[in-house]
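Take a look at the structure below.
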Amino acid sequence: MLLIKPWEEVFKNRTRFDEMQQEFLRDEKYKDDEDLDKKLLSFKKKYMEFDLNQQGELDMMGLKKMMENLGAAKTHLEVKKLIYEVTGGKNDAITYRDFVTMMLGKRSAVMKFIMLFEGKNEVTCPKPKGPPPKRDISSLP
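So the sequence shown is numbered by the numbering used here: it starts at 4 and just counts up by one.
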């Protein structure tokens, strides 16, 4: 039986991530994305941070920890639903390819929505400054 040392597994995963990043950079579908290389580096860093078992997959506990870190704690059932939505029900964990596809994709995924609006994935959204404008009854929905 061949034993793989943890650092060898990390190196192997990092190499696989780099290869996938090159695929995304060459993909015609994403050629119009601004700062694609910076986004991919940011996604890789976040993904590796929460790949707790270093198997190259974001399992339920890793995703749960990521959501808690974002300040949006989820129950096990909610995390399972997120994984199901991202993988299309094919897997019990989110692969790096699924993660990047979701983050770069046009469709709105729950996790992408949370990460963007929490401002935690280094994608900056300008926040309004000062007090909110005064409203009256007629301006309410």
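Built from N, CA and C at the ideal position, the CB exists for glycine as well.
Going by C-alpha positions, residue 41 is about 10 Å away from residue 47. Three or more Cβ pairs drawn from the stretch 58 to 74 and the stretch 93 to 102 lie within less than 8 Å of each other, which places the two stretches in contact. For the 9 Å CB-CB criterion, residue 24 and residue 103 form a contact. Here residue 79 is not near residue 68, since their CB atoms are 9 Å or more apart. Rounded to whole angstroms, the gap between the alpha carbons of residue 18 and residue 32 is 23 Å. In the structure shown, the three-state DSSP call for residue 98 is strand. Secondary structure at residue 37: coil, using DSSP grouped into helix, strand and coil. In this structure, the beta-carbon distance from residue 39 to residue 28 falls below 9 Å. Each residue's CA atom was taken as its position, placing residue 100 and residue 142 some 44 Å apart. In this structure, DSSP gives residue 73 a state outside helix and strand, which the three-state scheme calls coil.
Where residue 80 is concerned, the enclosing alpha helix (DSSP H) starts and stops at 79 to 90. The C-alpha of residue 49 is placed about 15 Å away from the C-alpha of residue 58.
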